[in-house]
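Here the sequence shown stands for residues 261 to 387, where the numbers follow the numbering used here.
Don't be surprised by glycine CBs; every beta carbon is placed ideally from N, CA and C.
None of the values given here were measured: they were computed from a predicted structure.
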Amino acid sequence: MIVRSIADLKAQGRYAEKPGVWTSSRYLLRDDEVGFTMTQTTVAAGQRQLMEYKNHIEANLIIEGEGVVIDVATGAEHELGPGVMYTLDKHDRHELHARTDMRIVCVFTPALVGTETHDDDGSYPIL
């Protein structure tokens, strides 16, 4: 059984942040050998992030806050709030706009190592 707190994540180097922009609490990573990654991400109000996970599928569940996710290919806009889930099942290029501070639980497959950073097109590489 794996049980972790935010304090554990910080002590283990599984927590990253860009103050005033985002935080990433990485609860499950590839070395946990469960086949997926689970994070809790916060995005600060007013932030806009353009991303496209070419190497991963990502599912997101909004826990707190409000915003919109835009499918770049179609222009479709989807309102986000507590209890809303969106999944990038086709490696969709998307833009996230946070109207308020948002807290999101994110699941990635294949699992992340934990040191990935977004490249120029908003993807994570396979490490």
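Cα separation between residue i and residue j?
{"i": "I323", "j": "M362", "result": "8 Å"}
{"i": "P279", "j": "V303", "result": "10 Å"}
{"i": "H316", "j": "R274", "result": "19 Å"}
Considering Cα atoms alone, identify which of the options is closest to residue i.
{"i": "L356", "options": "Y275, T369, E326, N315", "result": "E326"}
{"i": "T347", "options": "V365, G335, A358", "result": "V365"}
{"i": "V263", "options": "W282, M298, Q307", "result": "M298"}
{"i": "T360", "options": "V281, D349, K270, S265", "result": "V281"}
{"i": "K314", "options": "D349, E339, G343", "result": "D349"}
{"i": "S265", "options": "Q300, F368, L340", "result": "Q300"}
Identify the continuous alpha helix (DSSP H) that holds residue i and give its terminal residues.
{"i": "L269", "result": "266-271"}
If I follow the unbroken beta strand (DSSP E) through residue i, where does it start and stop?
{"i": "I354", "result": "The question names Ile, but residue 354 in the sequence shown is His. Here the beta strand (DSSP E) through H354 covers 354-358."}
{"i": "L348", "result": "No beta strand (DSSP E) holds L348; DSSP gives it neither H nor E."}
Can you round the beta-carbon distance between residue i and residue j to whole angstroms, since I take them to be within the 8 Å contact cut?
{"i": "E339", "j": "V328", "result": "6 Å"}
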